[in-house]
Amino acid sequence: MKLFTIFGNPVEHSISPKMHNLALRGLNLDGCYIRTKLEDGEKIISKFNSMRLDGANVTVPHKEYAYKLCDELDSFANKIGAVNTLVKRGNKVYGYNTDAPGFFKSIEEFGKISYALILGAGGTAKAIATILKENGIKTTILNRSQNRLDYFIKNGFDAQSHCNFKPKKYDLVINTTSAGLSNNELPLQSLKLSELFKDAKFAYDVIYNKETPFLSLAKKQNLICKDGADMLLYQGVLAFNLFFNNKLNEQEITKHMKKAFKL
Ligand code: NDP
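Per the numbering used here, the very first residue in the sequence shown carries number 394; after that it's consecutive.
And the structure:
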């Protein structure tokens, strides 16, 4: 029987065990997916090996540790500097990032997008900015403070802080900040956000399971809105397939994992 886990701290809230166990059961695969609270990120790979895991997902705050400590890195994870999926092959642990392709799959339904604005400059913003750029979408990063912008500037993005922001027209505005997660804050001053929404078609918040003030404002202005549930779903589908050497059918995995959101 194969054994998988999610490493994080906190990890109690994660629905990954539900998603992956539904897929294991639905596809008749012999395996079990548990959750593991890990306090010391430095121990992520030694813990992975001592638990004799076949694969794992990694969530806050350990994605950078997983990136630094795994034996082999997928080229995309290497670009972003964060790993959310670990897979055991032979005696090596391979690191991948499925957050970014998961996000990209979740915006397929929007159709053609030429210009995007990302609010926030943390790990999720890096992943999303990189996949948008790889797919030819011109992307601006807007962050509250200046100090997280270096990575984006070095990688050729238009990256600005709130105090020197010169807005353009964007088709898609994405909130990757934690504003609205456990409070009622907007990621940007209401008037400025409202101006951006006037020119935009789509608003996306990576936060899931609640309508954030960001999405409420976008809805009021009649934008097509989406929260982070599909990103979470698709990153899980892609990770699950990596656990099984990409031999499974993504649509089949999706069908089973989707049920976790209704339970
Ligand atoms: P980080 O901690 O790396 O980055 C947080 C960013 O938010 C920073 O740029 C910070 O700006 C900004 N920020 C925080 N509070 C505010 C505020 N009140 N106003 C404006 N900006 C603010 O976070 P992550 O990138 O790891 O995660 C971000 C969000 O993405 C979380 O809510 C997380 O739950 C969600 N997420 C969803 C996923 C999914 O599958 N749907 C996957 C991964 C993450 P500053 O630099 O100025 O402090």
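Where is the CB? At the ideal position from N, CA and C, for every residue including glycine.
In this structure, the C-beta of Val-599 approaches ligand 1 to less than 7 Å from one of its heavy atoms. DSSP places Thr-605 outside both helix and strand once states are collapsed to three, so it counts as coil. When secondary structure is reduced to three states using DSSP, Ala-509 falls in the strand class.
Going by C-alpha positions, Leu-586 is about 21 Å away from Phe-550. For Leu-625, the Cβ falls inside the 7 Å cut-off from some heavy atom of ligand 1. Ile-437 is not a Cβ neighbour of His-413, given a cutoff of 8 Å. In this structure the segment 489-505 touches the segment 628-635; the number of beta carbon pairs closer than 8 Å is three or more. In the structure shown, Cys-556 adopts helical secondary structure according to DSSP, grouped into three states.
In the DSSP assignment, Glu-465 forms a beta bridge with Tyr-487. For Asn-536, the enclosing beta strand (DSSP E) covers residues 531-536.
Per DSSP, the continuous alpha helix (DSSP H) segment holding Ile-524 begins and ends at 516-527. Put simply, the backbone Cα of Ala-449 is about 13 Å away from that of Ser-439.
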